[in-house]
Amino acid sequence: MGKTITRRFGIMVPQIILLSILVFLLAKQMPGDALTGLLDPSVDPAVIESQREKLGLNNPWHIQYWDWITKAIQGDFGQSFRFKMPVLDLIGERISNTVWLSLATLILTYLIAIPLGITSGRYNDTLSDRLITGYTYLGFAAPLFIFALLMLWLFGFKIGWFPTSGSVTPGLEPGTLAFVISKMYHLLLPATSMALITTVTTVQLLRSEIIDIKHRDFIHTARAKGASESRIYNRHILRNALLPIAAFFGYELTGLIGGTIFIESIFSYPGMGELFFSSILLRDFSVMITIILLYGIASILGALVSDLILGLIDPRIRIK
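According to the UniProt record's numbering, the sequence shown is numbered sequentially starting from 1.
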């Protein structure tokens with residue numbers, strides 16, 4: 001497995017280089033540049049042009065890319081034009097909120113999806129299965145941002161059970177119990193809103209796997225040998241049905257990190273998603289490119305994590 005990890009990391013290097021080039025080129029194709037909207041339109045165009053020349057915005061794209069990537073390798077991703085601070089410092093202030101939101105969503109997703117998927121698959125074509133399947137159909141049909149807005153209006157503004165913005169109550173001292181409780185309280189509604197939608201894929205996948213596996217020959221053989229139903233489901237059906245869920249784990253985690261862009265914007269939650277969205281609107285290219293690159297690296301690592309998990313839990317396909 002060590003050789004496989006080393007080989008996969010070797011493959012990741014050209015993937016990340018290609019990703020960085022594509023991201024840089026796509027960002028440069030956007031209308032305007034980093035100075036757009038920051039300077040008064042009444043300023044002399046010659047002054048604006050001199051600023052662009054000073055910042056290297058008039059250089060060919062390959063020169064701009066080389067200047068950016070050489071500094072990025074050294075840990076310098078530039079400075080945010082909006083916040084007037086290094087990009088890494090800015091992202092460092094936000095990334096923890098996004099990670100906690102993604103982890104909370106992932107935990108809630110599996111707490112909801114696994115019991116529902118097992119119930120729906122084991123008792124298929126019953127009333128409980130139809131109710132669960134109906135919920136998944138509604139989840140597939142409902143756009144995430146529409147559902148999140150509904151949850152915010154109902155539980156945030158209408159009933160008032162949860163805060164409608166921020167990640168913690170202002171004035172609390174970091175590290176205290178009240179601070180931790182406030183952090184959890186603020187992320188509960190956005191995490192639940194995202195989990196109730198993202199869970200439907202896992203429910204349907206688990207249901208389909210259970211229905212397929214419980215009709216295979218080795219299950220009939222186990223029943224013929226007198227094995228109890230609980231043993232059959234726990235040792236044979238469920239163990240095999242969870243393999244695709246485990247294989248999808250890494251992709252789902254990185255997908256949640258990307259999906260927080262909408263959730264954080266709707267709930268005014270100060271994470272990387274909200275920062276990314278505002279950076280696009282304000283043409284803060286340094287921040288935008290860095291965040292996309294981080295998302296891409298996270299997706300590549302997620303694929304590796306999924307392969308490793310699948311190899312650990314299934315000896316038949318173990319990575320060597």
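No residue lacks a Cβ here, since even glycine has one placed at the ideal position from N, Cα and C.
Outcome for residue i when other beta-carbon atoms lying within 10 angstroms are tallied against a minimum of 16
i	result
arginine 82	buried
phenylalanine 140	exposed
leucine 187	buried
serine 182	buried
alanine 241	buried
tryptophan 161	exposed
methionine 184	exposed
alanine 178	exposed
phenylalanine 9	exposed
isoleucine 210	buried
leucine 101	buried
isoleucine 197	buried
tyrosine 123	exposed
serine 50	exposed
Host alpha helix (DSSP H) of residue i (start-end)
i	result
proline 60	Segment: none, proline 60 is in no alpha helix (DSSP H) and carries neither H nor E.
serine 278	272–281
histidine 186	177–213
histidine 236	Run containing histidine 236: none; DSSP gives neither H nor E here.
phenylalanine 97	A small fix is needed here, since residue 97 is asparagine in this sequence, not phenylalanine. Element bounds for asparagine 97: 87–122.
isoleucine 146	144–151
alanine 227	Run containing alanine 227: none; DSSP gives neither H nor E here.
aspartate 129	127–141
Cα-Cα separation, residue i to residue j
i	j	result
phenylalanine 285	phenylalanine 277	11 Å
valine 13	arginine 283	28 Å
isoleucine 120	glutamine 204	Per the sequence shown, the amino acid found at residue 120 is serine instead of isoleucine. One C-alpha to the other measures close to 9 Å.
glycine 134	proline 143	16 Å
phenylalanine 157	threonine 164	7 Å
isoleucine 291	alanine 227	53 Å
residue 337	phenylalanine 218	No answer is possible for residue 337: it lies beyond the span of the chain, which begins at 1 and ends at 320.
glutamate 264	isoleucine 300	23 Å
lysine 225	glycine 271	55 Å
phenylalanine 145	phenylalanine 262	6 Å
leucine 238	glutamine 74	48 Å
alanine 195	aspartate 76	35 Å
proline 86	glycine 92	10 Å
leucine 172	phenylalanine 155	24 Å
isoleucine 245	threonine 202	7 Å
isoleucine 11	aspartate 307	15 Å
leucine 281	glutamate 274	11 Å
threonine 260	leucine 90	17 Å
tyrosine 137	phenylalanine 147	14 Å
valine 180	proline 174	8 Å
residue 359	phenylalanine 248	Given a span of 1 to 320 for the chain in the structure shown, any question on residue 359 remains unanswerable.
glutamine 64	leucine 131	56 Å
isoleucine 29	glycine 296	Here the sequence assigns glutamine to residue 29, which means isoleucine is not the residue at that position. Near 19 Å, if we compare the C-alpha coordinates of glycine 296 and glutamine 29.
glutamate 229	lysine 214	11 Å
alanine 191	arginine 7	35 Å
valine 200	isoleucine 159	26 Å
alanine 222	alanine 303	35 Å
glycine 78	glutamine 15	22 Å
CB-CB length for residue i against residue j, believed under 8 Å
i	j	result
alanine 27	methionine 288	6 Å
arginine 207	glycine 117	5 Å
valine 23	leucine 294	Wrong, their Cβ atoms sit about 10 Å apart, outside the cutoff.
tyrosine 269	serine 167	6 Å
leucine 106	leucine 256	6 Å
serine 20	isoleucine 95	About 19 Å separates the two Cβ atoms, so there is no contact after all.
leucine 25	tryptophan 61	7 Å
isoleucine 266	leucine 149	6 Å
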